[in-house]
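No gaps in the numbering here: position 20 of the sequence shown is 20 in my numbering, and each next residue is one more.
Heads up, the beta-carbon is just placed ideally off N, CA and C, and yes, glycines get one too.
Just so you know, these numbers come straight off a predicted model, no measurement behind them.
Below is one structure; the comments refer to it alone.
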Amino acid sequence: MKKLLLFVFISLLAINLSARMNPFEPTDTFIEQQKEYEMKQKQEEQKQIELEQQRKIALLAQQEAEEKAEQLRLEQEQAAQLEKQRRLQAEKTAQMIKVVEKKEEIVVPKDSYKILPFVNIKVSDEEIEIFIDKRYKLVNQDILEEQKKFLFDFRATESFYTIRKALNNKSFKSFAVGTHMDKKFFRVVVELTDTVSKYKEHINSNTSYIKIKKIK
1 MKKLLLFVFI
11 SLLAINLSAR
21 MNPFEPTDTF
31 IEQQKEYEMK
41 QKQEEQKQIE
51 LEQQRKIALL
61 AQQEAEEKAE
71 QLRLEQEQAA
81 QLEKQRRLQA
91 EKTAQMIKVV
101 EKKEEIVVPK
111 DSYKILPFVN
121 IKVSDEEIEI
131 FIDKRYKLVN
141 QDILEEQKKF
151 LFDFRATESF
161 YTIRKALNNK
171 SFKSFAVGTH
181 MDKKFFRVVV
191 ELTDTVSKYK
201 EHINSNTSYI
211 KIKKIK
């Protein structure tokens, strides 16, 4: 009986030892290491995913910044181009104005009456021309039909005696230049030989030249 029990005990022990020594059966330590390795793999994969997302976000931000910089550069170029066009147009306009002013410059004829340093008058059979220094601007003009006269007032503070000139002319009887110091202007008066309706006046844009011509 004792021998039988001993045999059974030894058989069970042998089976147990055989099971533990099986090299193909995973141990508890191996399983734990496997789980830890898988966890690290997942963490590494998650980290790579996050890094890739951050890289994409950074790339998008860089592209957006570059697009904004390019847009700003284009706007600045457009503004510079518009400013250049405006400047060229201003220069062109200024040149045109100079050309117009040059065309309007009046050359005083040699046979004109030198009334004052700033007033010259030329008389012909059908017209009278009045040349005024550009410093003096026309502030008023009037027609006295009954007296057959044209009046022109120029802003000034000049002081001089009234100058009158009778003319031996079929279209113009006389002219006079006088000052009104109290009202700060001087006046040029042209007296006609015929009714006012038979004359036409012309004043250039800077009022330095006036012409009265008989048309009938």
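Taking C-beta to C-beta, are PHE154 and LYS137 nearer than 8 Å? yes
Bounding residues of the beta strand (DSSP E) (the contiguous stretch that carries ALA179): Here residue 179 turns out to be Thr, not Ala, going by the sequence shown. Counting along the chain, the beta strand (DSSP E) containing THR179 begins and ends at 172–180.
Taking 8 Å as the threshold (C-beta atoms), are LYS173 and LYS198 in contact? no
Quick one: what's got a C-beta closer than 6 Å to GLU129's C-beta in the same chain, skipping five residues either side? LYS122, LYS211
Nearest to HIS180 (by Cα), restricted to the options GLU158, LYS165, GLN71: GLU158
Can you grab the Cα-Cα spacing for the pair GLN141 / PHE152, in whole Å? 4 Å
Note the first and the last residue of the continuous beta strand (DSSP E) segment covering ALA166. 163–166
Could you tell me whether the Cβ atoms of VAL196 and PHE186 are closer together than 8 Å? no
Backbone secondary structure at LYS148 - three-state DSSP: coil
Please state if the CB of LYS170 and the CB of THR193 are separated by a distance shorter than 8 Å. yes
Whole-number beta carbon distance between GLU201 and LYS148, since they are thought to touch under 8 Å: At roughly 13 Å, the Cβ-Cβ gap does not stay under 8 Å, so LYS148 and GLU201 are not in contact.
What is the DSSP secondary structure of LYS122, reduced to helix, strand or coil? strand
Can you tell me the Cβ-Cβ gap for PHE160 and LEU116, rounded? I've got them flagged as a contact below 8 Å. 6 Å
Quick check on the burial criterion: 16 or more other C-beta atoms within 10 angstroms. Buried or exposed for ALA156? buried
Return the CA-CA distance between GLU146 and ARG135, expressed in angstroms with no decimal places. 32 Å
Could you check if ILE31 is buried or exposed, using at least 16 other CB atoms within 10 Å of its CB as the buried criterion? exposed
Which runs of the beta strand (DSSP E) spanning at least 3 residues fall entirely within the region 180–216, listed in chain order? 185–192, 199–203, 209–214
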